[in-house]
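As you go down the protein sequences, you meet chains A and B in turn.
For what it's worth, our numbering labels the leading residue of the first sequence as 1, then goes sequentially.
For what it's worth, our numbering labels the leading residue of the second sequence as 1001, then goes sequentially.
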Amino acid sequence: MISTLELPEETKQRWKPRDIWCALVGLVSLALAVGAASAVTLPVTSDLGLVAVLPWPFWVGVVLLNVAFVVALRGDATGPAHRVVMLWLVVVLVLVLFGTALFVTDVPRGEVAFRHLGIADALSDMQRVDPGIDAYFNWPGFFALLATLLAATGLDPVSVALWAPVLNVFLWLAAVGAVMRYLTTDPRRRWLVLWIFCLGNWQDQDYLSPQAFGVFLYLVIVALLVGPLAALPPKFRGFRRANLAAWWQERRPADSRPGHRVAALAVVLLLVVVIFASHQLTPFMVLFAITTLTLSGRVWPSQLPLITAVVLVLWFVYPASAYLAGHPPIEDAGFQGAVATNVVERVGGTPGHLLVVQLRVGLTVVLWLLAAAGAVREWRRGRLDIRVAILAAAPLMLFPVQSYGGEMLIRVSLFALPFIALLACSALLPTDGSLRLSIRRATALVLTFVVLAVLNVTGRFGNTEYDLFSDSEMAAVTAVQRLAPPGSAIISAAHPTPWRDQTYLEHQYRTIDDLCSPDLSAGTCGPIVYNFVRHNPQGAFLMFLRSSEASIVLQGESTTEGFAELEEWLSAQNGVRLAFSNAEARVYRMTP
Amino acid sequence: MSGGVSRPTLALGLAAVALSVVTLVGLPGPLQALVALAVLVLLPGQALVRLMPVTDGALGALLMVALGIASLTAVSTAMFYLTVWSWQGCVVAMGAITVLACVARAGTEVPA
Chain A
1 MISTLELPEE TKQRWKPRDI WCALVGLVSL ALAVGAASAV TLPVTSDLGL VAVLPWPFWV
61 GVVLLNVAFV VALRGDATGP AHRVVMLWLV VVLVLVLFGT ALFVTDVPRG EVAFRHLGIA
121 DALSDMQRVD PGIDAYFNWP GFFALLATLL AATGLDPVSV ALWAPVLNVF LWLAAVGAVM
181 RYLTTDPRRR WLVLWIFCLG NWQDQDYLSP QAFGVFLYLV IVALLVGPLA ALPPKFRGFR
241 RANLAAWWQE RRPADSRPGH RVAALAVVLL LVVVIFASHQ LTPFMVLFAI TTLTLSGRVW
301 PSQLPLITAV VLVLWFVYPA SAYLAGHPPI EDAGFQGAVA TNVVERVGGT PGHLLVVQLR
361 VGLTVVLWLL AAAGAVREWR RGRLDIRVAI LAAAPLMLFP VQSYGGEMLI RVSLFALPFI
421 ALLACSALLP TDGSLRLSIR RATALVLTFV VLAVLNVTGR FGNTEYDLFS DSEMAAVTAV
481 QRLAPPGSAI ISAAHPTPWR DQTYLEHQYR TIDDLCSPDL SAGTCGPIVY NFVRHNPQGA
541 FLMFLRSSEA SIVLQGESTT EGFAELEEWL SAQNGVRLAF SNAEARVYRM TP
Chain B
1001 MSGGVSRPTL ALGLAAVALS VVTLVGLPGP LQALVALAVL VLLPGQALVR LMPVTDGALG
1061 ALLMVALGIA SLTAVSTAMF YLTVWSWQGC VVAMGAITVL ACVARAGTEV PA
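Here you go:
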């Protein structure tokens, strides 16, 4: 790792026969994976998710791809294979790991991307921001961007949502690549970081969303902080006040061009404002990263944490004041609450689902252990770059801030991932990074990567029994959006439901799960739902989708029988009649 | 060079004006998407990056995309808050940002 600003050296590389072979194997891997994923039929009916139904050629493709990458990474005495080949293999890995669902279906996975399309659509219709609608309208930046892009390009919104995971991961990788150019001069390590970043990225946060956008801009800010805005501190002489003052004052900028530093600072400030206008959580991560790096003496503009904090406070007290009024910042903060919502409440459900959850935790733990081993190794050799350790650990500060719907640990592991990957490289590569990998180490790397890839696909697509929607289910949702008059309520059994992408503001959207949880029994939950509908003068539409039922059953909130009893109870009430049905969905119109 | 302005700067500014007009007039399907993305993100991003003394090509490419997206987000959000949003207005604003950045860049270019 490097602690000074060294601009990367570009050396001319020649193509070798090995490079051609690696590129061809990458192509074969892609063909195998795409062909196998295309053969999967919906719905997926295993609580293990996609991993249980992907045909064997997919896994042959995964193995071949990892072999090709390790061979290319091993290269020869001059370094890894040609950068075009390395880049191609990374592209293939992204398509295989993050595009798998694309080749299975042309419907975006999950509910949230649909909702985000609906918010952008609502903004376009209103042509103004109304913070009173919900939290999203207190951080409208990303949705404003999306509304403009969709209107100006004429692209199909659903196609944009479908391809968003692949596009977002490419953007993240570009930013991670730029960051690594300032943190290591070893080309093997740079490529390996990108590979591990993909393999360890099971968090599934790359869908069309403000947080995916925020992660990209956060990584760009980090690239500027460790690049043009970096500082070189003198040797640390202890914690005495005089020593600290001298240490602080003797820092010098890593980039000697003042113009470059000022321009980089201006870019950081623009990105900070855009992030703060777009997402609720990422600003805190930006603030923590900037503050900890500055306090470590590694960032030159020492006022940056203060400026960032002021922008954060200003956004909360003015544009986001409507949200703040109903959600005091420390309302659900605290370590105990965070553990309960992020860990305890998430580890439950059917045996298959439980295994998926455990494997997700396992993948994260494996990477963090590798990173810890790598950090110890670097520290013993006196080469540990404190910036990498800080950037890997800083996301942990987010954990007790807010429970964030039980997803904070997922966000923490994602923000830390690039730097965890860099530290893990130190455990996986030879002590001297410039050395060529031995056959034994290369074999171990292939095995490690294949295991990580299997864990990634298992974790990432572990919910496909309920977050991949069939055409029949989409037909039911379309029918409801067509039939429901403005003001009526639309009730689905549970999240995720692929709704709200067109009529975000026209209806009350609720799920039975939200209304009744934790007791979804017919005797208790039926009357709650029925009374909710009776008080809505425009009536309601009630959707029972196969995926919603699977969601409730898989997560252990009810059983198939219990769910059927609830539907039977509701369908037998006065004013309730079947309005639409097909093999995987039933829709009931409920009049008050 | 042309009157002290480098060809890339001139080409960038002229492309922004021409493609903005083309985007507003409208093109068939995929072409509209490509041209609109260029006008809204890539050209302004590139024009802004050219105001910075960036020597690292990878960082320059990353900043082109990041600055283009961030600028468009800032412009779109401001227009929504000011209740003057329209996608056509955003195209004009981003075209203007590109041209202004090119003018600023031209001011720093030494005549041959």
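Note that beta-carbon positions come from the ideal geometry of N, C-alpha and C, so glycine has one too.
Bear in mind the structure is a predicted one, so any value in this text is a computation, not a measurement.
Leaving aside the five residues that flank Leu1040 of chain B on each side, the residues in its chain whose CB is nearer than 6 Å to its CB run, in chain order, Leu1072 and Met1094. When DSSP states are grouped into helix, strand and coil, Pro592 of chain A belongs to the coil group. Straight through space, the alpha carbons of Val1091 of chain B and Val1021 of chain B are spaced by roughly 9 Å.
Within the same chain, Arg18, Asp19, Cys22, Ala72 and Gly75 come within 7 Å of Ala81 of chain A by CB-CB distance, once the 5 residues on both sides are set aside. Pro187 of chain A has a beta carbon lying at 8 Å or more from every beta carbon in chain B. According to DSSP, Ser581 of chain A shares a beta bridge with A:Arg586. A Cβ-Cβ distance of about 6 Å is found for the pair Arg189 of chain A and Leu429 of chain A, placing them in contact under the 8 Å criterion.
When rounded, the separation of the alpha-carbon atoms in Asn456 of chain A and Leu199 of chain A is 6 Å.
The three-state reading of DSSP puts Thr511 of chain A in strand, counting E and B together.
Under the DSSP assignment, Met1064 of chain B falls in the alpha helix (DSSP H) whose first and last residues are Gly1057 to Tyr1081. Contacts with chain A at 8 Å (Cβ-Cβ) include Ile1069 of chain B. In the DSSP annotation of this structure, the continuous segment of the beta strand (DSSP E) that includes Ile490 of chain A starts and ends at Ala489 to Ser492.
Taking C-beta atoms under 8 Å as the contact rule, Leu566 of chain A and Ala522 of chain A qualify, at a distance of about 5 Å. Contact holds between the stretch 1005-1023 of chain B and the stretch 1040-1053 of chain B, because three or more Cβ pairs, one in each stretch, are under 8 Å apart. Counting the other CB atoms within 10 Å of its CB gives Asn168 of chain A a total of 16 or more, which places it among the buried residues.
Rounded to whole angstroms, the separation of the alpha carbons of Pro253 of chain A and Ala231 of chain A is 4 Å.
For the stretch 116-128 of chain A, residues whose beta-carbon sits nearer than 7 Å to a beta-carbon of chain B comprise Leu123, Gln127 and Arg128. Nearest to Val357 of chain A by alpha-carbon distance, out of A:Pro305, A:Thr458 and A:Val273, is A:Thr458.
If you compare the alpha carbons of A:Gly227, A:Leu171, A:Asn574 and A:Val28 with that of Val299 of chain A, the shortest gap goes to A:Gly227. Not a single C-beta of chain A is nearer than 8 Å to the C-beta of Ser1020 of chain B.
Scanning its chain for C-beta atoms nearer than 7 Å, with the 5 sequence neighbours on each side dropped, one finds around Pro165 of chain A the residues Phe98, Asp206 and Tyr207, in chain order.
Within chain A, the C-beta atoms nearer than 7 Å to that of Thr1023 of chain B come from Ala152, in chain order. For secondary structure counted as the alpha helix (DSSP H) over 4 or more consecutive residues, the stretch 112-185 of chain A holds these complete runs in sequence order: 112-126, 141-153 and 157-183. For Glu568 of chain A against Thr560 of chain A, the beta-carbon gap comes to about 13 Å, at or over 8 Å, which does not count as contact. Here Ala444 of chain A is not near Leu367 of chain A, since their CB atoms are 8 Å or more apart. Look at Gly214 of chain A: its C-beta is not under 8 Å from any C-beta on chain B. Chain order gives the chain B residues near Arg257 of chain A as Pro1053, where near means a beta carbon separation below 8 Å. Separation of Ala489 of chain A and Gly118 of chain A (C-alpha to C-alpha, rounded to the nearest whole angstrom) is 16 Å. Counting only residues of its own chain and dropping the five nearest sequence neighbours on each side, Ala1104 of chain B has a CB closer than 8 Å to the CB of Leu1051.
Check the Cα spacing between Leu306 of chain A and each of A:Ala289, A:Pro351 and A:Met543: the tightest is with A:Ala289.
The C-beta separation of Trp172 of chain A from Val90 of chain A comes to about 12 Å, leaving the pair out of contact by the 8 Å criterion.
Assigned with DSSP and collapsed to three states, Asp467 of chain A falls in helix. Against Pro140 of chain A, the close residues of chain B are Thr1077 and Phe1080, in the order they occur along the chain (beta-carbon pairs closer than 7 Å). Burial check for His535 of chain A: the Cβ neighbour count within 10 Å stays below 16, so the residue is exposed. Contact of Gly177 of chain A with chain B is assigned, a C-beta pair being separated by under 8 Å. The stretch 214-226 of chain A makes contact with the stretch 275-282 of chain A; the number of CB pairs closer than 8 Å reaches 3 or more.
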